[in-house]
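Here the structure is laid out as structure tokens; the discussion comes afterwards.
Residue numbers (the working numbering), protein chains in the order written: chain H, 26 to 618; chain L, 43 to 489.
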């Protein structure tokens, strides 16, 4: 697809601006009219227009039909039979919010009665107020086809209010659609201060809720009274919860696992506020209750990364065998069996056989159950579709840039493409109350759409341009990194060696050494902590100057580490599921020969 | 194969109705230990719709399961008055008073310890807050309905509300030593109680004034004080972690001052020293058979404790406070008999009707009587025999444990990211299971 800009009006505009007062900082728009020619138009999740043209003017779609004549002022974008979809809407994310700055550990005398800010209770803070237009997560989400995200702040049990943001603009003001969209809630305790546990968090929520009810009553009485009355005490947190108690503002609860979902529904039924379940990973045990109570749902886009990789490996094994063996045979569902077969087949991968001893029946049984569990997690979206529960997606753990990959895995597990598209467009639009303005490509809607060179769900498809608020955002498509045999050796050279390591976690600062060795194709990362304990990291990948890997801590927890290198130092983040992220930095201590 | 069935249950929404599942079972021809009405040889017990509908001979069932109990012993499901299984959080150890928290919020129906307790004939346990705080959180009485996915379905609906109190070393250490706040001594603990009750009274009075129109603006709601008022009005019953006799007397004196009548002392290792006083107050005692000396204040103990308390007229039970001990409470009851020479029925009462009385559910469970809930344990050999083994455990007429059908892997929730091979790691939840007993989540390992 080629994109040509026809700058018909530039000279005219130039003349006008000469007569007006000149502000050189403001570069006037060349034109606010765009014609996208000759594209396959996916009007809505279920409707496809076929080949046609889209005319956008001043931010809005004003015509969708065949053979639109380009108005003189229009910038024409030749579609060359590309595919156009309504831009995606993220039901919930932290996009554009800088990662939580580390506060120094407060020395508080009464751990049981901390100030709200330390307890993680800041419902008065809006995501908009924390938003930074320069955050790379905005670009990353936009380039994945998103135009709007419902952004929530990060933090403790009540991090703040969700804001509805456009994903392009020079400032948070440019991006803002609605500041006070929702109240975000998490079953997340504060470190060793009240509320530290799930029981503390739920008690605190009840306390705050009923206190707010009291405050409303007090305010009303105070206002109406003619005789002198006790003044209601100023409390910003409670005041922020008034719309929640008045059932005007929904509470988006972070409920990944089934037990959290049940707990959220318990609180909702008891207190009566509006509830949206978000980041749902294990929703199926609660399906009946979700239906019964007609609760809105956002499913998580974080789909068991480790297992996905394993799955790929076994796929490869299958392909290798396909030549010789019957396809039926290789379709064996149990990874365990596949692996033992691979061993039995002996001829391939001598190295592997060495590592893998035949498994005992107990291990095979455990792996079988684990596989069933993985399938249930990956198949959740398809099951929700079958059960007729509408859902959107949230992006707390899941990365927006992996959207297509993730959704395709759900589709493989039985989800229909139209429901997948609905989850990315119309359902969140409705949930957020903006379905009249966005979610489909129709006359009168906002000019939010993206142009893709192939049908979106095809693996090789690439998004070329994302229109947000009627303005194009062209995507620089880096030439597909040829997966060179031997990996990217020049990039590897710059990360190879010994590095210092310093992670600032809520738990304190942890230091140590990080050793990057191996070769470009097979990078090894070894972490050595203060006590000299060594840990080999897994899932190591290098993309340009960005090194990612997983590190196991405490036996069961996994830290997803992402580091960006610049000369002799690096910085980045570690991310622990359910705990959030923390900064990591370090510098080179010795270059390897 | 049962786990596959459970897996399908997980995957489908069928049958996942909020209502608690009940069933029909006929238990044929067993030796029925009724607890409240003697022993009935070769007798049938019929459970319909989850309730005991008939006890007699030659009973039939048209629709439902039949258990052949010939040569087996049929007793009421065992009740454990002190446990911490099936909980995601045990201690909110951040304040000396956390009456506002409730472990009923943290129920974990996927905790395999529920199934293991069933394998010991235990159908009900009192899921308690820990003993880190002088006034801990509210507790929850649960039924061991293994297989349910909704935490709500574990609750024993209608069971009275209870709250955990704690005396002695635990709250002193957690708050006094660590944070240098009250209570740092046993005296301090008394003052925590008195202050809380006094605040509760003030709070109660303030609301009375508002509700009667004497004041125009509402008092500031306080979730913690609401619970204290619940104790003062008798709606919430105290279960107090205790060891030393002097402190037990202290708390009874405090309660007298504030008109609180309902209390069950837990552990109460020195209960034998103040048994008449406990009986006079009407306090209950829930003890270990022979577990002590795990910290300084628990050295002065005796295996005669349960017998002495019983003989003095104190309603006494034997509890587990442990996910391991809960599997053989019948054995613990037998120990009380071995030392204290209680009768068979007195010993069995320690783990059936007596804990039921202590939880305020004795009108529903704890004995085999027509009209009571269909919670039954069927044993091979007499439950007080060293050879006793649970064969079937029935909850609300549903067979939840069947020794003839007891697969290796009974988990209902499998972590998709668990590491294999390794031992089955049940310590998935932080602060949970890694430590046993009362001090879970309080970074120590003691009761």
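Just so it is clear, CB atoms sit at the ideal spot from N, CA and C, and this is done for glycine as well.
{"Query": "Quick one: using the 10 Å Cβ neighbour count with 16 as the cut-off for buried, is residue 132 of chain H buried or exposed?", "Result": "exposed"}
{"Query": "Give the straight-line distance between the Cα atoms of residue 30 of chain H and residue 69 of chain H, rounded to the nearest whole angstrom.", "Result": "Its pLDDT being 45, under 50, residue 30 of chain H is placed unreliably in this model, and the coordinates cannot settle the point."}
{"Query": "Is residue 193 of chain H near the ligand GTP - that is, is its Cβ less than 7 Å away from at least one heavy atom of it?", "Result": "Absent from the structure shown: the ligand GTP. Ligands present: none."}
{"Query": "Figure out for me which residue from L:460, L:378, L:413, L:372 has the closest Cα to the Cα of residue 424 of chain L.", "Result": "L:372"}
{"Query": "Could you name the residues of the segment 187 to 203 of chain L whose beta carbon sits closer than 7 Å to any beta carbon of chain H, in the order they occur along the chain?", "Result": "191, 192, 193, 194"}
{"Query": "What do you reckon, are the CB atoms on residue 339 of chain L and residue 252 of chain L nearer than 8 Å?", "Result": "no"}
{"Query": "Output, in chain order, the set of chain L residues within a Cβ distance shorter than 7 Å of residue 224 of chain H.", "Result": "131, 134, 143, 144, 145, 147, 148, 179"}
{"Query": "Around the Cβ of residue 248 of chain H, are there at least 16 other Cβ atoms within 10 angstroms (buried) or fewer (exposed)?", "Result": "exposed"}
{"Query": "Residues of chain H with CB under 8 Å from residue 456 of chain L, in chain order?", "Result": "394, 395, 397, 398"}
{"Query": "Can you find a C-beta in chain L that's less than 8 Å from the C-beta of residue 288 of chain H?", "Result": "yes"}
{"Query": "At what residues does the alpha helix (DSSP H) containing residue 239 of chain L begin and finish?", "Result": "228 to 253"}
{"Query": "Quick one: measure Cβ to Cβ for residue 416 of chain L and residue 93 of chain L, integer angstroms, because I've assumed they're closer than 8 Å.", "Result": "6 Å"}
{"Query": "Would you say residue 576 of chain H reaches chain L, if we count a Cβ-Cβ gap shorter than 8 Å as a contact?", "Result": "no"}
{"Query": "In the DSSP assignment, find the beta strand (DSSP E) that holds residue 74 of chain L and state where it starts and stops.", "Result": "67 to 75"}
{"Query": "Does DSSP classify residue 672 of chain H as helix, strand or coil?", "Result": "The structure shown does not extend to residue 672 of chain H, since chain H spans only 26 to 618, so no value can be given for it."}
{"Query": "Rounded to whole angstroms, what is the Cα-Cα separation between residue 367 of chain H and residue 385 of chain H?", "Result": "Residue confidence is low: residue 367 of chain H scores 40 on pLDDT, short of 50, so the model does not pin down where it sits. Its coordinate-derived value is still stated next. So the alpha carbons of these two residues sit roughly 16 Å apart."}
{"Query": "Residue 327 of chain L lies in the beta strand (DSSP E); which residues open and close that run?", "Result": "326 to 329"}
{"Query": "Just mark residue 256 of chain L as buried or exposed, buried being the case when its beta carbon has 16 or more other beta carbons within 10 Å.", "Result": "exposed"}
{"Query": "How long is the line joining the alpha carbons of residue 477 of chain H and residue 443 of chain H, rounded to whole angstroms?", "Result": "17 Å"}
{"Query": "Could you work out which residue in L:290, L:347, L:374, L:240 is closest to residue 163 of chain L when comparing CA atoms only?", "Result": "L:374"}
{"Query": "Out of H:139, H:586, H:556, H:87, state which residue places its alpha-carbon closest to the alpha-carbon of residue 566 of chain H.", "Result": "H:586"}
{"Query": "Using a Cβ cut-off of 8 Å, pull out every chain L residue sitting near residue 218 of chain H, in sequence order please.", "Result": "136"}
{"Query": "Is there a C-beta anywhere in chain H that falls below 8 Å from the one on residue 488 of chain L?", "Result": "Confidence is the limiting factor: at residue 488 of chain L the pLDDT is only 44, short of 50, which leaves the residue's position unreliable and the question unanswerable from this model."}
{"Query": "Determine whether the Cβ of residue 61 of chain L lies closer than 8 Å to any Cβ atom of chain H.", "Result": "no"}
{"Query": "Find out if the Cβ-Cβ distance for the pair residue 357 of chain L, residue 381 of chain L is shorter than 8 Å.", "Result": "no"}
{"Query": "In the segment 249 to 262 of chain H, which residues sit with their C-beta less than 7 Å from some C-beta in chain L, listed in chain order?", "Result": "250, 254, 255"}
{"Query": "What are the residues that DSSP puts in a beta bridge with residue 78 of chain H?", "Result": "H:90"}
{"Query": "What's the gap between the Cα of residue 419 of chain L and the Cα of residue 259 of chain H?", "Result": "58 Å"}
{"Query": "With a cut-off of 8 Å, does the C-beta of residue 424 of chain H fall near any C-beta of chain L?", "Result": "no"}
{"Query": "Would you check if the segment 385 to 396 of chain H and the segment 405 to 423 of chain H touch, i.e. whether three or more CB-CB distances between them fall below 8 Å?", "Result": "no"}
{"Query": "Short check: CB of residue 144 of chain H to CB of residue 215 of chain H, under 8 Å?", "Result": "yes"}
{"Query": "Using a C-beta cutoff of 8 Å, does residue 265 of chain L count as contacting chain H?", "Result": "yes"}
{"Query": "Select from the segment 251 to 262 of chain L all residues with a C-beta closer than 7 Å to any C-beta belonging to chain H, and list them in chain order.", "Result": "258, 259, 260, 262"}
{"Query": "Whole angstroms is fine: what's the gap from residue 287 of chain L's alpha carbon to residue 453 of chain L's?", "Result": "42 Å"}
{"Query": "What residues of chain H sit near residue 451 of chain L, judged by a beta carbon separation below 7 Å?", "Result": "390, 394"}
{"Query": "For residue 122 of chain L, does the three-state DSSP call read helix, strand or coil?", "Result": "strand"}
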